[in-house]
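Right, one structure below, let's go through it.
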Amino acid sequence: MKKILVLGSTGLLGNALLGALKPRYEVIEASFSHPENAFDLSDPQSLMALFEKVGTVDAIICTAGVANIVDWHTAQSTDWTFAINNKMMGQINTLRFGEKFVNDGGVIILTSGILAQHPFKGSSIVTTVNAAVEAAVKAAAIEVERIRFNAISPGWISETMVSMGMDPEPGMPANEVAQYYVNLLDNSESGTTNIAAKI
Numbered sequence: 001m002k003k004i005l006v007l008g009s010t011g012l013l014g015n016a017l018l019g020a021l022k023p024r025y026e027v028i029e030a031s032f033s034h035p036e037n038a039f040d041l042s043d044p045q046s047l048m049a050l051f052e053k054v055g056t057v058d059a060i061i062c063t064a065g066v067a068n069i070v071d072w073h074t075a076q077s078t079d080w081t082f083a084i085n086n087k088m089m090g091q092i093n094t095l096r097f098g099e100k101f102v103n104d105g106g107v108i109i110l111t112s113g114i115l116a117q118h119p120f121k122g123s124s125i126v127t128t129v130n131a132a133v134e135a136a137v138k139a140a141a142i143e144v145e146r147i148r149f150n151a152i153s154p155g156w157i158s159e160t161m162v163s164m165g166m167d168p169e170p171g172m173p174a175n176e177v178a179q180y181y182v183n184l185l186d187n188s189e190s191g192t193t194n195i196a197a198k199i
């Protein structure tokens with residue numbers, strides 16, 4: 001049975017992913033608040049320590065990472081630095097550090113977000129870091145042949161829209177988004193970003 005490490009397992013999407021993976025794979029859960037495998041995505045040493053603790057796996061899926069919606073004119077340097085260190089470099093470091101802990105033929109799947117493709121007012125920071133994650137996947141896949149690198153770009157998740165008092169119809173349920181990650185585990189794609197959204 002293949003072993004899958006899920007980073008961000010306690011979040012909405014991560015939790016849905018666990019439900020999709022556990023019937024078929026051995027799943028190792030990790031998140032900022034996990035009781036056994038806690039880590040800080042923005043801290044390279046914390047991320048490396050987690051990989052060393054878990055050891056080799058067949059795939060790493062990262063749904064962790066935070067960046068905030070802030071208007072261009074009011075965004076502070078701290079807003080940019082937070083997003084770059086967390087969502088952008090945290091996921092890029094998942095590729096950099098995680099590579100040697102993935103077995104031959106395995107895959108690392110990152111999470112960007114639909115704002116990379118469809119920005120709106122206030123999304124400059126989020127759009128930038130999401131696009132950087134996708135660019136890193138595309139470029140790094142050219143240099144790495146032993147394993148595959150891919151990304152999923154989720155749109156609005158229905159459950160999140162409900163919690164915000166919004167109409168969930170334009171969104172996609174978390175369990176459907178999770179299936180996009182599962183589909184990338186056993187195919188030959190590398191360097192791609194798959195959009196999981198109602199466009």
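Residue 40 in full-length UniProt numbering sits at position 40 of the sequence shown, with consecutive numbering throughout.
Idealized CB from N, CA, C, for every residue including glycine.
Since the model is a prediction, treat every value here as computed from it, not as a measurement.
Bounding residues of the alpha helix (DSSP H) (the contiguous stretch that carries residue i)
i: K138; result: 124 to 143
i: L184; result: 174 to 184
i: L12; result: 12 to 21
Whole-number beta carbon distance between residue j and residue i, since they are thought to touch under 8 angstroms
i: G65; j: T111; result: 7 angstroms
i: V126; j: G113; result: 7 angstroms
i: M48; j: F97; result: 5 angstroms
i: V133; j: A151; result: 6 angstroms
i: V6; j: A38; result: Between A38 and V6 the Cβ distance is about 14 angstroms, and since that is not below 8 angstroms, they are no contact.
i: D40; j: F32; result: 6 angstroms
i: A139; j: N130; result: About 15 angstroms; that fails the 8 angstroms criterion.
i: I157; j: G122; result: The pair is not a contact, with the Cβ atoms about 19 angstroms apart (cut-off 8 angstroms).
i: G106; j: I147; result: 5 angstroms
i: D58; j: K3; result: 5 angstroms
Residue i, buried or exposed, once every other Cβ within 10 Å from all chains shown has been counted against 16
i: F120; result: exposed
i: T128; result: buried
i: E189; result: exposed
i: K198; result: exposed
i: D167; result: exposed
i: D186; result: exposed
i: V162; result: exposed
i: G19; result: exposed
i: T94; result: buried
i: T78; result: exposed
Where the beta strand (DSSP E) containing residue i begins and where it ends
i: P154; result: 148 to 154
i: K3; result: 3 to 7
i: I195; result: 192 to 196
Residue nearest to residue i in terms of C-alpha spacing, selected from the options
i: A75; options: G8, S124, E36; result: S124
i: A196; options: T160, S163, S153, E99; result: S153
i: T160; options: K3, M1, A16, I4; result: A16
i: Y25; options: P44, A135, I60, D43; result: I60
i: L12; options: N175, V182, S42, Y181; result: N175
i: M1; options: V27, G155, G8; result: V27
### Message
Give the list of continuous alpha helix (DSSP H) stretches no shorter than 4 residues that lie fully inside the segment 82 to 106.
### Response
Counting only runs of 4 or more, we get 89 to 98.
### Task
Kindly provide the ranges of any beta strand (DSSP E) runs that are 3 or more residues long and lie completely inside the segment 15 to 79, ordered along the chain.
26 to 30, 57 to 62
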